[in-house]
Structure formats: structure tokens, C-alpha cells
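This report concerns only the one structure given below.
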Amino acid sequence: MQRFIRALLSATDGVVAAIVLAAGLAACNGVDAAGDQDASDVTADTALRRLAADLLPAAEMRSGLLARGPIQLATRSREDLEAFLVAQMAEQMPPGRLEAVVRTYARLGLVPETIDLEPLLRSLLLEQVVGYYDPARDTLYVVDRVDESQIEPVLLHEIVHALQDQYVDLDSLMKANLEANDRGTAAQAAMEGHATFAMLEWQLAAMMGGSADLTTLPGLDGLLGDDPLAAAGIEMPVLAEVPTVIRESLLFPYLGGLVFVQKHWAGPQGRVPPLGPDMPVSTEQVIHPEKFEPGQVDMPTDVRFLETPPEGWTEVFTDGLGELETRLVLREFLADREEADRAAAGWDGDRFRLLDGPSGEVFVWATVWDTDRDALEFETAVRKALVERYGGEPGGEGRALEVLRGTEGRRPVVVVWDLPAGLDRTAGLEGLTAFELEEQDPQALQ
Numbered sequence: 120m121q122r123f124i125r126a127l128l129s130a131t132d133g134v135v136a137a138i139v140l141a142a143g144l145a146a147c148n149g150v151d152a153a154g155d156q157d158a159s160d161v162t163a164d165t166a167l168r169r170l171a172a173d174l175l176p177a178a179e180m181r182s183g184l185l186a187r188g189p190i191q192l193a194t195r196s197r198e199d200l201e202a203f204l205v206a207q208m209a210e211q212m213p214p215g216r217l218e219a220v221v222r223t224y225a226r227l228g229l230v231p232e233t234i235d236l237e238p239l240l241r242s243l244l245l246e247q248v249v250g251y252y253d254p255a256r257d258t259l260y261v262v263d264r265v266d267e268s269q270i271e272p273v274l275l276h277e278i279v280h281a282l283q284d285q286y287v288d289l290d291s292l293m294k295a296n297l298e299a300n301d302r303g304t305a306a307q308a309a310m311e312g313h314a315t316f317a318m319l320e321w322q323l324a325a326m327m328g329g330s331a332d333l334t335t336l337p338g339l340d341g342l343l344g345d346d347p348l349a350a351a352g353i354e355m356p357v358l359a360e361v362p363t364v365i366r367e368s369l370l371f372p373y374l375g376g377l378v379f380v381q382k383h384w385a386g387p388q389g390r391v392p393p394l395g396p397d398m399p400v401s402t403e404q405v406i407h408p409e410k411f412e413p414g415q416v417d418m419p420t421d422v423r424f425l426e427t428p429p430e431g432w433t434e435v436f437t438d439g440l441g442e443l444e445t446r447l448v449l450r451e452f453l454a455d456r457e458e459a460d461r462a463a464a465g466w467d468g469d470r471f472r473l474l475d476g477p478s479g480e481v482f483v484w485a486t487v488w489d490t491d492r493d494a495l496e497f498e499t500a501v502r503k504a505l506v507e508r509y510g511g512e513p514g515g516e517g518r519a520l521e522v523l524r525g526t527e528g529r530r531p532v533v534v535v536w537d538l539p540a541g542l543d544r545t546a547g548l549e550g551l552t553a554f555e556l557e558e559q560d561p562q563a564l565q
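Residue numbers (my numbering): 120 to 565.
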């Protein structure tokens with residue numbers, strides 16, 4: 120799910136930035152940045168360029184990136200924006216791939232089987248979009264007829280993306296990570312968290328008379344709590360009603376990324392932009408910034424399935440969930456949010472595969488953990504969560520569950536099977552969970 124949401128995030132900054140800014144200022148006893156005052160519209164490219172030029176020095180200072188060249192800006196109508204979204208969806212997630220993603224997350228119980236994802240996401244992203252940066256065209260776009268008081272924070276956010284693009288090729292980075300769910304989400308969190316940090320610190324500095332250091336503020340971890348829309352005082356009916364996994368997929372790169380940048384920049388390395396070797400490679404590193412500190416980097420373990428499906432079976436979809444989506448699976452069905460988060464912590468790598476065959480769908484999920492205790496905690500939690508996913512009685516839903524804990528190359532592993540009731544996995548399906556582990560080298564970040 121993250122990989123599809125990530126492909127469209129460049130067009131959602133106006134939505135999420137408004138939520139973060141409103142909640143962040145409220146948390147600091149500020150005011151709503153958008154406000155209700157009557158202000159002139161930013162409709163002309165010349166006015167937009169003038170405003171961007173005024174904001175550029177602040178964006179450079181707050182992001183730690185000096186401009187290496189001019190920033191291209193333009194206005195776009197909402198009709199143009201919708202056409203852009205449709206084209207992005209068609210390119211990044213063609214119908215067959217989209218169907219496979221929906222089937223997988225429906226099997227996990229995270230979305231309804233009947234969900235029509237494409238129009239839902241289009242409505243969601245169009246709900247309150249103000250602006251976006253398109254790395255393929257190296258251009259910052261602002262939706263026309265937008266109030267200047269609304270555009271300033273989002274424009275600064277997008278200017279930071281334009282500056283990032285002058286140091287690393289964002290378009291190539293996004294495409295390189297498109298097939299890597301968790302790694303791509305971590306990269307997106309670094310970029311969006313970086314821009315969100317600069318935006319929020321700039322607004323706080325304006326409120327406080329020119330001086331603000333976001334790294335010294337406590338409590339950003341719980342900035343928006345469990346109900347970000349209520350915390351921000353923003354009404355967004357579409358976002359409020361979407362499945363949790365979609366809402367969290369949209370918010371995490373901004374909110375989780377913001378906390379990551381704040382904590383990382385408060386460390387001994389100081390304000391080094393989170394790009395290149397300073398970019399996290401897993402959502403585990405984003406959620407736990409201490410696991411990305413020099414000398415303590417916890418690199419994820421790659422999990423690779425070794426065997427192709429047996430005759431008569433087709434692999435519908437395969438990917439990894441990462442710590443973030445492992446959390447979301449557990450949170451969806453466990454009453455205790457802290458229990459879910461504890462059970463997902465200690466994640467070190469995973470890979471799943473959804474297969475379709477003569478007996479129905481089979482879902483196999485291989486996970487590797489930092490310690491035996493972590494594996495045991497996850498085994499207990501995921502068994503409980505998946506039983507709840509089927510209303511407490513998987514057999515009544517025609518399903519059978521198996522959660523197997525063991526070792527692979529002396530590493531603690533947990534393998535989850537979700538298969539049709541009555542199907543014997545030992546009758547030709549055992550090879551589906553044959554896998555190998557490869558630990559990534561921290562030096563690869565250098």
C-alpha cells in the first residue's frame with residue numbers, strides 16, 4: 120500500500136502540510152496559519168515568483184540547503200491537477216497491479232475487498248491540495264485561486280523539495296524505490312520530514328520574532344495523537360473516512376519524518392540534511408531514530424523467497440511490510456495500541472507473498488527479528504491479531520492460521536500462514552516459505 124500512496128505523495132503536500140502546521144502551531148499556543156482573513160489570491164505566476172523569492176532565504180536556512188540554481192514555478196488549475204493525478208496513477212499503478220495490492224491488503228484485513236481505490240485516492244488528494252513539486256519536470260506548482268495566507272507555508276515546504284532536487288535527483292530516487300515498499304517509505308519520510316521541519320520552524324520563528332529551534336521542543340512524537348484531523352481542527356471528510364492504513368500511509372512521511380528529523384538533528388551530527396548517505400533505509404530507522412545514529416545503525420535484513428509457486432498456483436503479489444505496516448496490521452486488531460507497537464519493535468526484515476490457486480488464496484509472511492524475545496512477542500501478538508481479524512474464529516470464515524517461530528541461520532524468525540481451511544500446506548506448499556537472509560552492510564550508507 121505504501122508504494123502506491125508514495126507514488127502520489129508529491130501531489131498531497133498541501134493536504135498534509137496544513138494538518139501538521141495547524142496542529143503544530145496549536146501545540147505551541149500559536150494560531151491557525153491559514154486563518155479566515157480576507158487576503159489576495161495568488162493567481163499570477165509573477166506574484167508567485169515574488170512570494171517564492173521572499174521565502175527562499177528562510178527555506179535555505181531552515182533546511183540547511185543553499186540554492187544551486189533557480190527554482191521553476193508555475194500555477195495550475197484544479198483540472199490540471201486532477202489530470203496529473205490520473206496520469207500518475209496510470210503510470211505507477213496500472214489496473215492489474217492495483218488489483219493485486221487491494222487483494223493483499225484485503226487479505227490482511229486492512230481494506231475492504233470491495234474498495235475502489237483509484238477514485239477514492241483521487242478524491243482524497245484533491246480534497247485540500249494547495250501545491251506540489253513535480254521532480255520529473257523540476258517545477259513547483261501551486262493551484263490557482265489560492266489565498267496567499269494559505270500558500271506561504273506550503274510554498275516554503277515545496278521550495279525545500281526543489282532544493283533537495285538540486286542535491287539529489289528526486290525523480291530517480293522515487294523511481295528506484297518504487298518496488299521497495301519499506302525502503303521507499305523511509306526515503307519519502309526523510310524528504311517530507313525535512314520539508315515539514317523547515318516549514319514548521321519557519322512559522323514558529325515568525326511567531327516568535329525571528330528565533331526558533333525546533334530541535335529543542337519536546338513532545339513532537341505525539342503532535343497529532345490518534346486523531347490528527349481533530350487535533351488540527353481541520354474538516355476533511357474523505358480523509359476522515361478512509362481505512363486507517365491509507366490515512367497512516369499519507370501522514371507517516373510527514374509526521375514520522377518530522378520527528379525523525381527533529382531527533383536526528385538534535386544529535387551529535389547536527390543539522391545535516393537527510394539526503395544521500397544520511398537518508399534512512401527502513402521505517403524502523405524513522406520510527407526509532409536512535410537506530411540510525413553513527414555507530415549504532417541497525418540495517419534491515421533482506422528476506423528472499425527461494426522457490427517459485429508449485430504448478431497450478433500463481434503469485435499475485437510480493438513485497439515487504441516493514442515495521443510501519445507491521446504495526447498497522449497489529450494495531451488494526453489489537454485493543455492495546457502500545458502492545459501492537461511493542462510487538463512490531465524489534466523488526467529486522469520481512470517478505471510476504473500472496474498466491475492464488477485451486478483452493479483459493481494463500482498468504483505467507485516471513486519475518487526476522489533482532490532477538491528471540493522480539494520474535495516471541497511478535498508471535499504472540501500476530502496470532503492474537505489474525506484470530507481477531509477473522510472475528511475470533513478463522514474456521515468460521517473458511518480460513519486456517521499457522522504462526523511458526525524458529526531460526527534461520529541462527530536468526531530468530533516467525534513465519535505466518537493464512538490459508539484456506541482444509542488445505543494441507545505440507546502437501547506441496549512447504550517450499551513457499553523457503554527463504555534466505557542477507558544482512559545489509561551499514562557501510563553501504565557511506
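Beta carbons are placed, not taken as given, at the ideal position from N, Cα and C, and that holds for glycine.
These numbers were taken from a predicted model, which means no experiment stands behind them.
(request) Would you list, in sequence order, the uninterrupted beta strand (DSSP E) runs of no fewer than 3 residues that lie entirely inside the stretch 173–203? (result) 191–195
(message) Please identify the residue among ALA172, LEU336, SER330, ASP491 whose C-alpha is closest to the C-alpha of ARG530.
(response) ASP491
(message) VAL249 and ARG195 - do their beta-carbons sit closer together than 8 Å?
(response) no
(request) Alpha carbon to alpha carbon, how far is ASN300 from LEU474? Give it in angstroms, no decimals. (result) 19 Å
(request) Would you check if there are 3 or more beta carbon pairs closer than 8 Å linking the stretch 473–488 to the stretch 426–440? (result) yes
(request) Specify the secondary structure class of GLY414 as computed by DSSP and reduced to three states. (result) coil
(message) For a test of the three-state rule: what should DSSP assign to THR545, helix, strand or coil?
(response) coil
(message) Give me the residue from ALA463, ARG456, GLU451 with the minimum Cα distance to PRO231.
(response) GLU451
(message) Among PRO477, LEU319, GLU430, THR420, whose alpha-carbon lies nearest the alpha-carbon of THR486?
(response) THR420
(message) Quick check: PRO356 and HIS383, are their CB atoms within less than 8 Å of each other?
(response) no
(message) When you compare the stretch 455–467 with the stretch 516–526, are there three or more beta-carbon pairs, one atom per stretch, that lie closer than 8 Å?
(response) no
(request) Name, in chain order, the residues that DSSP records as bridge partners for ARG470. (result) ALA485
(request) Out of LEU240, ALA281, ILE234, TYR251, point me to the one whose CA is closest to ALA67's CA. (result) For the chain, the structure presents residues 120 to 565; residue 67 sits outside this window and is missing.
(request) Express the C-alpha separation of LEU538 and ARG544 in angstroms, rounding to a whole number. (result) 8 Å
(request) State buried or exposed for GLN156, treating a residue as buried only when at least 16 other CB atoms are found within 10 Å of its CB. (result) With a pLDDT of only 34 at GLN156, under the threshold of 50, the placement of this residue in the model should not be trusted, and no figure is reported.
(request) Measure the Cβ-Cβ separation of ALA309 and GLY376 and say whether it is below 8 Å. (result) yes
(message) Taking 8 Å as the threshold (C-beta atoms), are SER401 and HIS313 in contact?
(response) no
(request) Could you name the residues of the same chain whose beta carbon sits closer than 6 Å to that of LEU542, not counting the 5 residues immediately before and after it, in chain order? (result) SER478
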